[in-house]
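Working notes, structure below.
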Amino acid sequence: MTRALAVLLLNLFVVSVALPLIAPGVEAQGAVDLSVSLVYPEEGGKYLSRLGVKMRAVVTNRGGDWYNESLQVTAEIIDANSGIRKFTENRILPLNLSPGRSVEITFSNWSYATPGNYTGKVTIYPRGDTNTTNDVSTVRFDLWTDTWPYPIQLSGAYVTPSRGTTLTPFTFRVEYTYPTPPDTITVIIDGTPHSMIEEDPADHQYTDGKSYYYRTTLPVGPHNYSFYARSGEKNASTPVIEGRPWVNITLARPYASPQEGYVTSRYHFTVRYGSYFNRPPDEIKLHLSGRTFDMRESNPDDENYASGNKQYFADVPGWEVGPGPWNWWVEVRSGTDRVRTPDMTIGGPSGTEGTLMGVVSSDLGGEVSELELRILPLNVTYNFEGARYAVDIYEGKNYTVIFSSPGHSPMVVEGVDLVGGEVKYINVTLTHAPRPAAVMGFIASTSGYVPEDACVILYRGTEPLAEIRPGADGRYAFYNLTPGGLYRLFAEAPFHQNITLPLQLEEGETLWLNITLLEHPPPFSVVEDPVPVEGPIRISFLRVPDLTTLSLSLRNTSSEIQYTFELEGSTLLIYPTAGLIYGEVYTITLFKGCEDTGGNILLWRDFTVEVRAEVERGGGIEIKPPPGSEGLAVDVSFEISFGIHINTSTLKVTLKELSGGVVPVGLMYAWGVDWGRHGATWGVLKVTPKRTLNYSSAYSLVISGGLRDYLGSLLLESDMVSLYTTMSEPDTDGDGVPDSSDAFPYDPTAWKDTDGDGVPDGRDAFPEDPEYSSDIDGDGKPDELDPDADGDGMPDAWERRYGLDPTLDDSGADPDGDGYTNIEEYMEGTDPLSESSNPGEREKRIFESSLLTAAVILVALLVTYLFFSRGGRGLRRERKEPPLPSEGILELDEELEEFLEE
808 MTRALAVLLL NLFVVSVALP LIAPGVEAQG AVDLSVSLVY PEEGGKYLSR LGVKMRAVVT
868 NRGGDWYNES LQVTAEIIDA NSGIRKFTEN RILPLNLSPG RSVEITFSNW SYATPGNYTG
928 KVTIYPRGDT NTTNDVSTVR FDLWTDTWPY PIQLSGAYVT PSRGTTLTPF TFRVEYTYPT
988 PPDTITVIID GTPHSMIEED PADHQYTDGK SYYYRTTLPV GPHNYSFYAR SGEKNASTPV
1048 IEGRPWVNIT LARPYASPQE GYVTSRYHFT VRYGSYFNRP PDEIKLHLSG RTFDMRESNP
1108 DDENYASGNK QYFADVPGWE VGPGPWNWWV EVRSGTDRVR TPDMTIGGPS GTEGTLMGVV
1168 SSDLGGEVSE LELRILPLNV TYNFEGARYA VDIYEGKNYT VIFSSPGHSP MVVEGVDLVG
1228 GEVKYINVTL THAPRPAAVM GFIASTSGYV PEDACVILYR GTEPLAEIRP GADGRYAFYN
1288 LTPGGLYRLF AEAPFHQNIT LPLQLEEGET LWLNITLLEH PPPFSVVEDP VPVEGPIRIS
1348 FLRVPDLTTL SLSLRNTSSE IQYTFELEGS TLLIYPTAGL IYGEVYTITL FKGCEDTGGN
1408 ILLWRDFTVE VRAEVERGGG IEIKPPPGSE GLAVDVSFEI SFGIHINTST LKVTLKELSG
1468 GVVPVGLMYA WGVDWGRHGA TWGVLKVTPK RTLNYSSAYS LVISGGLRDY LGSLLLESDM
1528 VSLYTTMSEP DTDGDGVPDS SDAFPYDPTA WKDTDGDGVP DGRDAFPEDP EYSSDIDGDG
1588 KPDELDPDAD GDGMPDAWER RYGLDPTLDD SGADPDGDGY TNIEEYMEGT DPLSESSNPG
1648 EREKRIFESS LLTAAVILVA LLVTYLFFSR GGRGLRRERK EPPLPSEGIL ELDEELEEFL
1708 EE
């Protein structure tokens, strides 16, 4: 029992704590944001009341969760001048306010009102709402209890729009403020008053501003307006506003005549147009049952558009639109202003139909086999197989019916009237016509192109029959021409001479006639051709060109050439930026459209001319060594430089010894182009004698006449002769023997070498034997065949082996300083360059060698003895001790090793 009671009390405690926090059916309070705003009195309001005002406020939950708390709301009215609180009321309200919902709170009437300026203030004190920036709302207002201290106020005066057309509705507005409604409130437009209408008839509060308006259209021109109001003995007015609104254009008095008629009738539409700025319309159009027609001035000479009485008209044939009724209106545009008349309706053409029928015969007898019926002004065509026809058309007057059939002349029947429902018969007979002729061809310029705006006119007698302006292909053609009679074909084109050609056409003939018009000569000429490579290119015009309209191109055979140009009088000077190339052909294109300084066309098409740069001219012949040179080397070569590339087939060069014959020469020619000098060419010829020239001899180098350059120009008319003298024969070593006879030209002590072995005869032991030249020991035997050339007792091979001189007797020398001479070393077979190798050492080594040999022989004998001695006794396996000879052998081996070590 006690435990149950404790549980119950605990549950009641939890519920008592939770109930204030939870509204029925909703979750507990979360993010709440309450705000308050005063709705009455209003900011800046003016109120007349002896009982004061009753304040109203609105509280709104702007948060995302419910507000389930009580709320304290405090209302205050404070004297704005002294700050003294005149009225206070506190309200505590329980609220269950969902997100986004509002509640209005009305406070007690303020019964202690006195006239003055006040501040109304409402403050809320929500629980659990941390956003306090919107918890207060204040307004300023004025209050009067007995009398209104201000006069009638008219404010916010304006008109909209400020500009428009005669069809634009303009709205004038003003705000009236006074305790009592106005007896009269008007807008005065251009001096005329117009009563205004309440904007909101349900609003009876005038002290906070009451809106009135008046809407109307206005005529063309600027306007002015002001407002006036009267209530009792009080009245007020606004200043006059000038120039607003203003109306630019107007349309008036639209009219159509006749109102009803036929499809064959013409209907005349008129309207009056006016412009405040006295400007003609940019466009004025008649819109008629889905069709649009331009309207024209009735009196183009009348330029008074500001009068508003400028008449425009449009004549519309009934057959272009069809049967009525017609709906129509007119629209005009001037700048950004547009005006249109109201929609209007006229009966228009009658839609009742009648029938035309009949039979068409031929003057050759019988009926025609085919028939074409054309009805004007409807411009409709009907085709029939056979001669009988029947067509239904709208009733009308003055129809024209044209009957045509192949092989016959057409027949025209005019003035045909047809009443609705009537059947009218028209039977006709057609006259047989000759087969028509035709003339056709192409028109072209003598320059090979089709002239622009060319025109071909065909005359019969003096009357023009047809005119054709050929297209881009230049083709023209006139068909269905009546044979016989004299025809003339007249052709013309701008910048060409006209031409007239007489024609005689036979029945069924098709005459082909191509027309060539003689083009006017080009209006320019190239002043000089060929042109200098440095420029300029001069082009003289018949009239001074306007350089701002001139465009040209300059090309060679492969690329565009950069240039500048200027005008010198009527002559155009073109300067290639890099100059021209000798002999190159250049194309200059002067493009269509260039005008002269008077604005007249100077170049009616693209003109292309070719000019050639001046040809290269030879620059002379230069020879190295220069002609007249003396002391030339006998192996000299000549270099001939030409100032231009030559034609080698015309080249002949001869070298002659004046005291002898022709010297054969070799020729090597090279040439090239110097693009830095406008493509100038050069050529160099090298002349090399094929043998050495003779000393102290005179020679002539002859370039034969008739030499031409690569362009064929003559460079040498006659032979060009250059004389030279070779040097005297040299004696280099000054021994009195010329180098040519001196076998040793650089050795003054020798000059003869009989056997030619390179050893002077004075130093050659065998001067007549080219194989041998030296005999050092003078034994008459060549050193090459003598084993001891120097005769010192030591063979040359042994001396060369040890680096000794085989040509010098050095037998007594001791190069290793061991006390033994070379000859002794040779005799004893020792090394003459090693101190340790000498005859004494050799004797010691012989002794030691002999002793060693003897020891080896002795050991061999002992071994042999022991072997055979053991074999004689037989093998005794039971012997455990080795035989004594083994020990002897071991001891002998040890002595031998010690001996060898010593």
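Going by the working numbering, the first residue of the sequence shown is number 808, and it counts up by one from there.
Built from N, CA and C at the ideal position, the CB exists for glycine as well.
- In this chain, D1353 is not harboured by any alpha helix (DSSP H), its DSSP state being neither H nor E.
- According to DSSP, M1151 shares a beta bridge with W1135.
- If you look at E1040, you'll find it isn't in any alpha helix (DSSP H); DSSP assigns it neither H nor E.
- Taking one beta carbon from each stretch, the stretch 849-861 and the stretch 937-952 have 3 or more pairs nearer than 8 Å; the two touch.
- DSSP, reduced to helix, strand and coil, places Y1256 outside both helices and strands of the structure shown, so it counts as coil.
- For L902, the CB contacts under 6 Å within the same chain, skipping 5 residues up- and downstream, are Y874 and L878 in chain order.
- Shown here, M862 sits in a strand according to DSSP, grouped into three states.
- Cβ contact annotation for Y1189 (same chain, cutoff 6 Å, sequence separation greater than five): L1180 and V1198, in chain order.
- The shortest C-alpha to C-alpha distance from D1442 to any of P1602, I992, K1497 and Y1013 is the one to K1497.
- Boundaries for Y1553: no beta strand (DSSP E) harbours it, and the DSSP string shows neither H nor E there.
- Cβ contact annotation for T1495 (same chain, cutoff 7 Å, sequence separation greater than five): S1444, V1472 and G1473, in chain order.
- For Q960, the beta-bridge partners assigned by DSSP are T984.
- Taken through DSSP and simplified to helix, strand or coil, N916 comes out as strand.
- Between the C-alpha atoms of T1307 and M1164 there is a straight-line separation of about 47 Å.
- The Cβ atoms of I1264 and L1324 lie no closer than 8 Å to each other.
- Distance from the CA atom of E911 to the CA atom of Y1013, rounded to whole angstroms, is 25 Å.
- According to the DSSP assignment, G1479 belongs to no alpha helix (DSSP H) but to the beta strand (DSSP E) extending over V1472 to D1481.
- The C-beta separation of E1177 from S1212 comes to about 6 Å, placing the pair in contact by the 8 Å criterion.
- The beta carbon of E1005 is closer than 8 Å to those of K1017, S1018 and Y1019 in its chain, skipping five residues each way along the sequence.
- Positions of the beta strand (DSSP E) runs, each at least 3 residues long and wholly inside the stretch 1357-1419, are given as 1359-1362, 1370-1375, 1378-1383, 1392-1397 and 1414-1419 in order along the chain.
- As a beta-bridge residue in DSSP terms, S1082 pairs with I1056.
- By the CB criterion at 8 Å, L1465 and A1440 fall outside the cutoff.
- Separation of W1126 and S1072 (C-alpha to C-alpha, rounded to the nearest whole angstrom) is 8 Å.
- Collapsing the DSSP output to three states places T940 in coil.
- Taking the C-beta atoms as reference points, V1078 is found nearer than 8 Å to T1148.
- In this structure, DSSP gives V1027 a state outside helix and strand, which the three-state scheme calls coil.
- Between L1310 and R1295, the beta carbon gap of about 7 Å places them in contact (Cβ cut-off 8 Å).
- If you ignore the 5 residues before and after G870, its C-beta comes within less than 7 Å of the C-beta of A838, V839, D840 and P906, all in its own chain and listed in chain order.
- Our two residues, V1139 and N1321, have alpha carbons roughly 51 Å apart in a direct line.
- The DSSP-derived three-state label of N1629 is helix.
- By the CB criterion at 8 Å, E982 and S969 fall outside the cutoff.
- Setting aside the 5 residues that flank it on each side, T1394 is surrounded in the same chain by R1362, T1415 and E1417, each with a C-beta closer than 7 Å to its C-beta; the list follows chain order.
- Residue state for T1071 is assigned as coil, using DSSP reduced to three classes.
- Under the three-state reduction of DSSP output, T1289 falls in the coil class, being neither helix nor strand.
- Under the three-state reduction of DSSP output, T1637 falls in the coil class, being neither helix nor strand.
- Excluding the 5 residues flanking it on each side, V1480 has same chain C-beta neighbours closer than 7 Å at G1486 and T1488, in chain order.
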